[in-house]
Amino acid sequence: MAIAKEACYITPVAMTKDRSEVLQGTLDLMVLKALDALGPLHGYGIARRLEQISADRLRLNEGTVYNSLLRLVQQGWVSSEWGASESNRKAKFYSITKTGRKQLARETESWQRISGVIGRVLRLGSEH
Amino acid sequence: MLRVLLSRVRATLRRSRLDDELDDEIREHLAMLEERFVRSGMEPSEAFYAARRQFGGVTQVKEQLLERRTMPLAEDVARDVRHAARGLWRSPGFSLTAIVSLAVGIAAATGLFSIVNAALLNPFPFADSNRIVRLDINDKGKPRGLSVTVPELVALQQSDVLDGAFASNNWQMTLTGRDVPEAVPARELSADGLNVLEVPPLLGRVFNEADGPAGEQPQRVVVLTYRFWQSHFGGRPEAVGQTIDLNREPYTIIGVLPPQYFSTGPEILVPLDLTTRIVWSLQARLKRGVTPRMAEQRLQPLFEQFADERPRSFPEGARPLVRTLMETQRAAGFVPILLLIFLASLLLLLLACANVSILLLVRGSSRAREFAVRAALGAGRGRLMRQLLVESLLLAVTGAALGVAAGYWGLPAVLRLLPPGSVPIGNLLAVPVNLPVLFFSAGLALASALICGLSPALSFSRPHLTVTARAPAGVESRRAHHTLLAAQVAVTVLLLAGTGAAVRMLIGLYRTSLGYDPHNVSIASINLPENHYTKWADRAAFYERLRNRMADVPQVESVALATASGIPPESGERSAVYVPGRDMTGDETPIYQRISGNYFATMKIPLIQGRVWSDSESGGTPHVAVVNQTMARALWPDESAIGRRVRMPAYIRSGAYFRLPAPGSDGWFEIIGVVGDTPNVGLHEPPAPSIYVPYTLMLTDTVNVMLRTSHDPLSMTRSIREAVRTVDPYQPVDVVRTAEDALADAGWARERFVTSLLLGFAVFALMLAVVGLYSVVSYSVSCRCKEFGIRLALGASRGRIVHAAVQPAVLAIVAGLCAGLALSVALNKVVAQWSIGNLNDPVVLVAVSLVLFVVTMMSAAIPANRAASIQPAEALRTD
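Pasting the structure below:
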């Protein structure tokens, strides 16, 4: 089952030249990857991590992270648990499950294939 | 997909807790963002807004999550259901009428479907029953029973198109060792028969080939049917392993069958003796993928080989005939009638739907203002439609639940009405309501909800705001009521006409001159155990003792014996009768019946001419005979039959132990009397020529004792059995039947079944018509109240008001009546094929029209009366 290709909420503010929209359906993949790489995180942590990786070139409403998390939990790719944050606040920690890892591998592979194809298509013009 | 659904269902159930958790989570997230902004030097008030900007719309996110997490549609529908239930609860009269209408309709359709299902779709309890076939002979298009030798049976069993074959034989075994000897219907099966049928044991085991191999005496083992186990062992599992005495030999009980197997017919099963020469009644299981036609082709060489060896048993050009159990069942002839009744029950359900539709329309009309207001407040058309459909669905589902329950409880009563043996109801008795039936009922509920809810839903979901808000009832909606009413009446007429025809047929059948008095007449069948009383004189003496002993039983008025005859229309055997100097070829072969002289007195069959023999001359020569009127008329149309001599060669041929001719028979008979006709080839056919001769001339091993008693014959079963036992303690008596039962078997039961069901349907249909008309007229009166008030105030007479109130409904009824009559006449040809009477019968049609018209008019009288008693002043003052 593919990650839901629904519209993520795109930032209505601060859309500048060097900041891109989040491509439809890619948010789930990014969240999954973040959880895979860093272990259990709360929603805020995931938002920070995405911000950090994209080096501020990607802008998103942090609320949509929760949308993505709910989708992933419903699919059984992510599980959640209450715990305490670094600053001792109550927070819900999300972690990737075994099937989530499998899905991540599948999605990564297909993403690479698609982006490879898109890349080749885009290069077509410049070769001639 | 399922996982998502499950998580949504869970979330819906724990909704408030999850909402709180989500609130916490988002609050913490915002707090952390604020902290971060403050740390990076922002003013706290500015940080508050920055955090919310960064997060995006908090409420939107929450709403989105909620929608994703739970099932909004289901919740909406649940709200609609609650709303509809409250609405229906508030108008109990309406709801009850609608629910009961649908419940009765669905009960009738469900009950009949389960019978149809049992009879047609799934009649046999055997695994893969469409592979079980009967093997017969196709004699130039006519089916003939196949009998084979044991080596031939073995050859059939090894055929490469068959997974086994077996022979069987129905007979009776005498159960002794209990207080009275008892004749038990038994079936002998060649020993692997139960394995071929794939019948599993409920307890113990079933017999197999080792219990009765070809050429050896079978083991004395018996398998009990569930019925026998219940009636004789009270369902105790210890029965297995015990022995019972059958035909005075001990048989070991090796197993008990589950209830659905052999639920009618034989009560015990024993291995067939394969040391005999010939076996018959052959069944087989086709190999997977083999069709009956293929099997017929592949068995042809084998049959030719059999025919070469035994040309007498195989007619010239005979071919194998392979029929599935279903095909042999279909030949029974009851199926079309069953289908017709099933169709009638669907018609009834349709009527119930139409009626509920009318009720909904009327109710909807009075709620038009509510809908208009809701539409004005922004309810979409789909939303209104959904609510109306949910309402009718709620009615239909409640009705269906009640209907299935009623069908479940009422089914045994309907099954009792079924003509015996007409439908294999074994499965039905074991599992009365099964999965296909439940699916069918659920489908019916859904369909009825759609049928009765659709037209109201369509018409009210589009309220003309300005119109409806002002005027309470449009002429348009009333027209819809009347159209439906007319349609309902038309179908009702059709149903009533069918019922009327069936009733007339039944009355005709009861009136058919029976030629005898069946009241308090019963028949007990006495079957001599094998090789008992093998000398003519011994047997004659035994039968005579039996008759005398039975005549002494209190309340027995008269006893007659018969060795080939029974209760009319059951009769004797066919035999050629030769009249000197006359060529009888081409004439119908007469029926001859062997009876004791007092048979006619016992049955109250009148003597027309001459006399009946006395006991003393019954065995003497010349033999005497009595003929019925039909025979006398056929052979000697212008002269008296008395004194004529005829010859019947059947009386010279000597038989086995089971047919003992009187010593000195020469086959010549002198006719000494003529008696009245009784039906002897079924109730629907005119009587055939029949000749009665003294039973003593040919003593078979079965004798029927006819008794006329002063009380209910069935209450005397016990004393009759006792009487027989005093003559011979080992002699069982077969089930005592009454003449009324015999008549039921002969055809009364079929007509009674059809008639009583149709009559029930018709009464219900009439009630529906009454309810429909009543609600339409009272609705129209209530919404034209103001109009009538004005007309009265302007000087209209009360008679005119009544006329105005009922006239449209009367027109609708008359239109429906005409359409229904036309429909009945048009459908007569179709129905006539199934012979349940004549829909064209003018008496029936006139009677039906009258009944319908009078009854519906009576139901319109109440609201019409209300219209007439309107007080103009009050009517004008009310809103």
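Chains as they are written, first to last, in the working numbering: chain A, 1 to 128; chain B, 1 to 879.
Quick reminder that beta carbons are idealized off the backbone N, C-alpha and C, glycines included.
The three-state reading of DSSP puts B/P637 in coil, since its state is none of H, G, I, E or B. Here the region 86-106 of chain B lies against the region 392-402 of chain B, with 3 or more beta-carbon pairs under 8 Å apart. By alpha-carbon distance to B/S715, the top candidate from B/Q555, B/T602, B/W613, B/Y578 is B/Q555. Minimum Cα-Cα distance from B/R3 among the listed residues A/G45, A/L41, A/L70 corresponds to A/L70. Contact with chain B is found for A/R89, since one of that chain's Cβ atoms lies less than 8 Å from the residue's Cβ. Close partners of B/L65 in chain A (Cβ separation under 7 Å): Y66, N67, L70. Check the Cα spacing between B/I26 and each of A/E62, A/L50, A/Q52: the tightest is with A/E62. A residue is called buried once 16 or more other Cβ atoms fall within 10 Å of its Cβ, and B/G177, having fewer, is exposed. What B/V4 touches in chain A, judged by beta-carbon distance under 8 Å, is Q74, Q75, going in chain order. Against B/Q54, the close residues of chain A are E62, in the order they occur along the chain (beta-carbon pairs closer than 7 Å).
If you compare the alpha carbons of B/V270, B/V362, B/P713 with that of B/D245, the shortest gap goes to B/V270.
B/E35 has its alpha-carbon roughly 17 Å from the corresponding atom of A/R49. Within 9 Å of the CB of B/E28, the CB atoms of chain A belong to H42, G43, Y44, S85, R89, K90, A91, K92, in sequence order along the chain.
Taken in chain order, the unbroken stretches of beta strand (DSSP E) that lie wholly in the region 702-787 of chain B and span 3 residues or more are 702-709.
Annotated three-state conformation of B/F542 is helix, per DSSP. When DSSP assignments are scanned along the region 347-382 of chain B, the uninterrupted stretches of alpha helix (DSSP H) that are 4 or more residues long and fall wholly within it turn out to be 368-376. The straight-line gap separating the alpha-carbon atoms of A/A34 and B/D76 is approximately 37 Å.
With respect to the C-alpha of B/V362, the residue from B/V771, B/R800, B/P568, B/R205 having the closest C-alpha is B/V771. 8 Å or more divides the Cβ of B/L203 from the Cβ of B/G498. Taking a contact to require three or more Cβ pairs closer than 8 Å, the region 685-693 of chain B and the region 625-633 of chain B qualify as touching.
The alpha-carbon of B/F753 is positioned some 9 Å away from that of B/R416. Residue range 698-700 is occupied by the beta strand (DSSP E) that includes B/M698. The C-beta of B/D24 comes closer than 8 Å to at least one C-beta of chain A.
Straight-line spacing of the CA atoms in A/E109 and B/L65 works out to 29 Å.
If you compare the alpha carbons of B/M858, B/L852, B/G789 with that of B/E874, the shortest gap goes to B/G789.
Around the CB of B/N355, 16 or more other CB atoms lie within 10 Å, so the residue is classed as buried.
Distance from the Cα of B/V577 is smallest, within the candidate group B/S616, B/S565, B/V693, B/K535, for B/V693. DSSP places B/Q217 in the coil class of the three-state scheme, outside both helix and strand.
In this structure, DSSP gives B/Y578 an extended state, which the three-state scheme calls strand.
Looking at the backbone, the Cα of B/V221 and that of B/W280 are separated by about 21 Å. Selection A/T26, A/F93, A/E51, A/Q75 evaluated against A/H42 yields A/F93 as nearest (Cα-Cα). For the pair B/S614 and B/R547, the Cα-to-Cα distance works out to about 15 Å. B/R285 is positioned such that its CB atom lies closer than 8 Å to that of B/D163. Neighbours of B/S7 in chain A, taken as residues whose beta carbon is under 7 Å from its own, are Q74 in chain order. Every beta strand (DSSP E) of 3 residues or more that sits fully in the region 208-253 of chain B is shown, in chain order, as 221-224, 243-246. Residue-level contact check: B/R17 does not touch chain A, since none of the beta carbons of chain A fall below 8 Å from its beta carbon.
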